[in-house]
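Working notes, structure below.
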Amino acid sequence: MGLPMGCGTPASQGAMVVADAESGDPEDLEEAVAVFADVRPRLFGIAYRMLGSAAEAEDLVQDVWLRWQGYDRATVDSPAGFLATTTTRLAINAAQSARVRRETYIGPWLPEPVDTGADPYLGAERGEALEFAVLLLLERLSPTERAAYVLREAFDYPYRQIADIVRLNEAAVRQLVSRARKRVLVERRTPVTAAEQRRLLTAFVAAARSGDLTALEELFAADVTSYSDGGGAVRASRFPVVGASRVAKYVKAFADHFWAGVDVAWASTNGQTSALLSRDGQVFAVLAVNASEQGIDQVLWMMNPAKLTAVSTGRDPPQAAQGA
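Everything in the sequence shown is counted per the working numbering, starting at 324 for the first residue and increasing by one.
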C-alpha cells in the first residue's frame with residue numbers, strides 16, 4: 324500500500340486508514356498519514372534536487388512512506404527530521420546508482436523538467452538548486468556533497484542537522500557546502516533576470532522557427548552550447564553543439580521540418596519560462612535557455628518522452644512571450 328503519487332496532500336487518506344485498520348490503531352495511522360502528507364512536498368523537493376528526475380523522486384518518496392508506515396513511530400521525536408533524514412540518505416544512494424546508469428545514457432543527459440506553475444511549492448521556500456543550469460552543475464558533485472548543498476542552500480537546514488543527516492561532523496559539512504557553493508558560482512555565469520530570460524527564449528523560438536541565421540547568432544554567447552536529450556528514444560543530436568555560429572547553423576538546418584505543425588505553449592518549469600512544443604496536442608519537447616549578460620549560454624532540448632510526463636499544455640503565455 325502506498326500514498327498517491329504527487330507532491331500534494333493524499334486524496335485517499337481515509338481509504339488507506341481503513342485498509343490498515345486491522346494491522347494497527349486507526350487513529351495512529353491517521354496521524355501517520357497526516358504527518359507524512361504535511362512534509363511530503365519538502366521530501367519531494369529534496370529528492371528531485373538530488374536526482375534531477377521527478378519520476379525517480381516520486382518513487383523514492385513512496386519508499387520513504389512505506390518505511391514511515393512500518394516504523395515504530397513512538398520512538399521518533401521529530402517526524403519531519405526523521406523523514407527528511409530518511410529521504411536524503413536514500414537519495415544519496417540513489418544518486419550513486421544514477422551516476423553509474425548515466426555513464427551509458429545515449430546522448431546528453433538533461434534534468435527532467437517539473438512544472439513549477441502547477442506545483443509552486445518546489446520553489447516556494449528557496450528556489451536554489453532548481454534551475455536547469457544549477458542542476459547540471461550539481462551533477463558534477465559527489466552525492467554527499469550535493470546533499471549538503473541542497474539541504475543548506477535550498478532548505479536552509481542548520482549545519483549541525485545536515486551533519487547528522489549525512490553522518491559527518493559539522494566542520495566537514497561546512498567545507499562541503501562551501502566547496503559546492505564556490506563551484507556553482509565559479510562555473511556558472513551570473514544569470515539574467517527572469518524577464519530577460521523570457522525575452523531571450525521567445526526571441527530564440529521566433530528566430531529558430533524562421534531559420535533566421537543572423538538573428539540566432541545575435542542571441543548567443545560566443546561559446547553557447549546546445550544540448551539535446553532524446554535518451555535514444557527519439558531522434559536527437561547525440562553530441563553537444565558548441566559555438567554561436569555552429570549552433571545557429573545547426574538550428575537553421577532542421578528548421579523547416581522540425582517546426583512544421585508545431586504549437587508553442589509557455590510554462591514555468593524549474594522556476595523559469597520554458598516553451599512546450601507539441602504536435603496534435605501532444606507535447607514532444609520542452610525547450611529552455613540559460614542566459615547571462617553575454618547572451619544565451621545554453622539551449623536545452625528535452626525530448627526524451629519518459630521525461631515529459633510532469634509537464635502539460637495549455638499554459639497562458641507570459642507577458643514577455645506574447646506574440647512568439
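All C-beta atoms, glycine included, are put in the ideal place defined by N, C-alpha and C.
Would you mind stating whether residue i and residue j have Cβ atoms separated by less than 8 Å?
i: residue 473; j: residue 369; result: yes
i: residue 471; j: residue 500; result: yes
i: residue 417; j: residue 383; result: yes
i: residue 431; j: residue 573; result: no
i: residue 598; j: residue 587; result: yes
i: residue 568; j: residue 541; result: no
i: residue 632; j: residue 611; result: no
i: residue 466; j: residue 498; result: no
i: residue 564; j: residue 557; result: no
i: residue 554; j: residue 428; result: yes
i: residue 435; j: residue 375; result: yes
i: residue 617; j: residue 544; result: yes
i: residue 421; j: residue 362; result: no
Cα-Cα, which of the options is closest to residue i?
i: residue 520; options: 384, 365, 361 and 613; result: 613
i: residue 634; options: 407, 442, 438 and 350; result: 438
i: residue 579; options: 350, 534 and 492; result: 534
i: residue 433; options: 524, 420, 545 and 460; result: 460
i: residue 477; options: 523, 353 and 367; result: 367
i: residue 560; options: 515, 622, 524 and 350; result: 622
i: residue 590; options: 410, 494, 441 and 445; result: 441
i: residue 510; options: 582, 462 and 363; result: 462
i: residue 425; options: 606, 585 and 552; result: 552
i: residue 628; options: 423, 536, 365 and 378; result: 378
i: residue 399; options: 348, 445, 524 and 358; result: 358
i: residue 373; options: 566, 415, 480 and 524; result: 415
i: residue 445; options: 351, 364 and 606; result: 364
Per DSSP, which residues does residue i bridge with? Please list them.
i: residue 602; result: 605
i: residue 621; result: 548 and 613
i: residue 581; result: Answer is none; residue 581 lacks a bridge partner.
i: residue 597; result: 590
i: residue 496; result: Beta-bridge pairing links residue 496 to no other residue.
i: residue 438; result: 592
i: residue 543; result: 619
i: residue 514; result: 615
i: residue 564; result: 549
Kindly list the residues whose CB is nearer than 7 Å to the CB of residue i, restricted to its own chain and excluding five residues on each side of it in sequence; keep chain order.
i: residue 608; result: 600, 624, 625 and 626
i: residue 413; result: 383, 386 and 387
i: residue 595; result: 454, 517, 520 and 611
i: residue 485; result: 471, 474, 475 and 496
i: residue 480; result: 474
i: residue 351; result: none
i: residue 405; result: 399
Which same chain residues, not among the five before or five after residue i, have their C-beta less than 8 Å away from its C-beta?
i: residue 346; result: Summary for residue 346: the model assigns pLDDT 45, below 50, so the residue's position carries little reliability; its value from the coordinates is reported in the next sentence. Excluding positions up to five away in sequence, the list is empty.
i: residue 562; result: 430 and 431
i: residue 355; result: 391, 392 and 396
i: residue 668; result: Look at the range of the chain in this structure, 324 to 647, and you will see that residue 668 is not part of it.
i: residue 603; result: 584
i: residue 536; result: 571, 572 and 575
i: residue 528; result: 587, 598, 610 and 647
i: residue 410; result: 366, 369, 370, 383, 384 and 387
i: residue 515; result: 523, 614, 615 and 616
Just checking my contact of residue i with residue j at CB under 8 Å: how many whole Å lie between their CB atoms?
i: residue 547; j: residue 619; result: 6 Å
i: residue 513; j: residue 615; result: 6 Å
Please list, in chain order, all residues of the same chain as residue i whose beta carbon is under 6 Å from its beta carbon, the five residues on each side excluded.
i: residue 503; result: 464, 468 and 472
i: residue 538; result: 530
i: residue 582; result: 532
i: residue 630; result: 435
i: residue 640; result: Because the pLDDT at residue 640 is just 41, under 50, the model does not fix this residue reliably, and the point stays unresolved.
Say yes only if the C-beta of residue i is nearer than 7 Å to one or more non-hydrogen atoms of the ligand NAD, and no if none qualify.
i: residue 583; result: The model depicted lacks the ligand NAD and carries no ligand whatsoever.
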